[in-house]
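Q:
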């Protein structure tokens with residue numbers, strides 16, 4: 001079963017607006033990662049947040065992590081049409097260092 | 001660096017045929033992962049190698065699936081015999097050596113269609 005579940009499944013916004021995607025998970029984690037997938041391509045790593053961190057920034061990306069609620073959010077500010085893609089959260093847990101991916105959010109940014 | 005290389009990019013085959021998917025990891029990466037992506041089940045981990053040794057193959061759906069990593073530069077995922085429900089995009093991903101490396105690098109995927 002999927003460890004991470006994303007919400008919403010699909011999001012459509014206008015260019016320039018902010019996009020927020022949420023991820024919930026079930027077990028204790030070492031870190032949580034966000035990946036992006038353009039149509040027909042492989043996944044690309046965006047940002048990682050460790051279990052002892054609460055917030056992290058990278059360019060127009062802001063990630064938060066609430067381990068008490070087992071949830072994370074990804075905020076993309078000032079969105080662009082080129083941000084149109086699917087976004088996945090992935091959790092790394094325990095010593096196995098494997099990733100378990102969520103079901104993804106399909107983001108469409110309209111020009 | 002060329003990144004993770006997968007071949008073929010597309011494969012169309014008939015039910016019952018053997019299918020072999022190939023992956024060349026990024027040089028120096030010692031962890032390799034095979035995933036399957038479908039609309040119904042999302043992205044699933046099939047098998048994970050560390051230093052060429054299979055660590056966890058619990059995601060391999062059936063005995064029809066097998067994976068090998070004979071050396072640090074090459075891995076294969078084989079399906080024999082293939083079935084229509086195996087149709088999916090198969091990704092190979094690799095990760096660098098050491099606990100400070102967490103990011104996985106994905107190949108472009110192989111789109112498999114079994115008729």
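Chains as they are written, first to last, in my numbering: chain A, 1 to 111; chain B, 1 to 115. Don't be surprised by glycine CBs; every beta carbon is placed ideally from N, CA and C.
So which residues of chain A does residue 108 of chain B contact, with C-beta pairs closer than 8 angstroms?
A: Those are 41 and 42, listed as they occur along chain A.
Q: Any idea if residue 120 of chain B is buried or exposed, counting beta-carbon neighbours within 10 angstroms, 16 or more meaning buried?
A: Chain B is shown only over 1 to 115; residue 120 of chain B falls outside these bounds and no answer can be derived.
Q: Just to check, is the beta-carbon of residue 14 of chain B closer than 7 angstroms to a non-hydrogen atom of the ligand PLP?
A: Among the components of this structure there are no ligands whatsoever, and the ligand PLP is therefore not found.
Q: Near residue 56 of chain A, which residues of its chain fall below 7 angstroms by C-beta distance, leaving aside the five closest residues on each side in sequence?
A: For residue 56 of chain A, where only same-chain residues beyond five positions count, the Cβ hits under 7 angstroms are 47, 49 and 63.
Q: Quick check: the Cα distance between residue 58 of chain A and residue 34 of chain A, rounded to an integer number of angstroms?
A: Rounded to the nearest angstrom, the two C-alpha atoms are 12 angstroms apart.
Q: Looking only at its chain, what residues have a beta carbon closer than 6 angstroms to the beta carbon of residue 23 of chain A, apart from the 5 residues adjacent to it on each side?
A: Excluding positions up to five away in sequence, the list reads 4, 6, 72, 89 and 102.
Q: By the DSSP assignment, the beta strand (DSSP E) with residue 81 of chain B in it spans what residues?
A: Run containing residue 81 of chain B: none; DSSP gives neither H nor E here.
Q: Given a cut-off of 8 angstroms, decide if residue 46 of chain B and residue 28 of chain B are closer than it, judged by their beta-carbon atoms.
A: Cβ atoms of residue 28 of chain B and residue 46 of chain B: not closer than 8 angstroms.
Q: Run through the DSSP bridge pairs and tell me what residue 66 of chain A is partnered with.
A: BP columns for residue 66 of chain A point to A:71.
Q: If the cut-off is 9 angstroms on Cβ atoms, which residues from the segment 65-95 of chain A count as contacting chain B, listed in chain order?
A: Hits within the stretch, in order: 88, 90 and 92.
Q: For the segment 59-74 of chain B and the segment 19-39 of chain B, state whether three or more C-beta atom pairs, one from each stretch, are separated by less than 8 angstroms.
A: Because the criterion of three Cβ pairs below 8 angstroms is met, the segment 59-74 of chain B and the segment 19-39 of chain B touch.
Q: For the beta strand (DSSP E) that contains residue 110 of chain A, what are its first and last residues?
A: First-last of the beta strand (DSSP E) with residue 110 of chain A: 105-110.
Q: Rounded to whole angstroms, what's the CA-CA distance from residue 11 of chain B to residue 106 of chain A? Just pull it up for me.
A: In a straight line, the C-alpha of residue 11 of chain B is about 26 angstroms away from that of residue 106 of chain A.
Q: Leaving out the 5 sequence neighbours to the left and right, which residues in its chain are closer than 8 angstroms to residue 54 of chain B when beta-carbon positions are compared?
A: Contacts found: 47, 48, 67 and 69.
Q: Given residue 184 of chain B, which residues of its chain have a CB within under 6 angstroms of its CB, disregarding the five upstream and five downstream residues?
A: One cannot answer for residue 184 of chain B here, as it falls past the ends of chain B, which runs 1 to 115.
Q: Per DSSP, which residues does residue 62 of chain B bridge with? Please list them.
A: Partner(s): none; residue 62 of chain B has no beta bridge.
Q: Quick test of your reading: residue 54 of chain A and residue 87 of chain A, contact by CB under 8 angstroms. State the CB separation rounded to the nearest angstrom.
A: Not a contact, Cβ separation roughly 20 angstroms.
Q: Taking the beta strand (DSSP E) that residue 6 of chain B belongs to, which residues open and close that run?
A: That run of the beta strand (DSSP E) goes 5-7.
Q: Answer yes or no: do residue 79 of chain A and residue 19 of chain A have a C-beta to C-beta separation smaller than 8 angstroms?
A: Yes, these two residues count as a Cβ contact at 8 angstroms.
Q: Compute the Euclidean distance between the alpha carbons of residue 108 of chain B and residue 19 of chain B, then round it to the nearest angstrom.
A: Roughly 18 angstroms between the two C-alpha positions.
Q: Give the residues from the segment 23-52 of chain B that approach chain A closer than 7 angstroms (Cβ to any Cβ), ordered along the chain.
A: Within the segment 23-52 of chain B, the residues whose Cβ lies closer than 7 angstroms to some Cβ of chain A are 42, 43, 45 and 48, listed in chain order.
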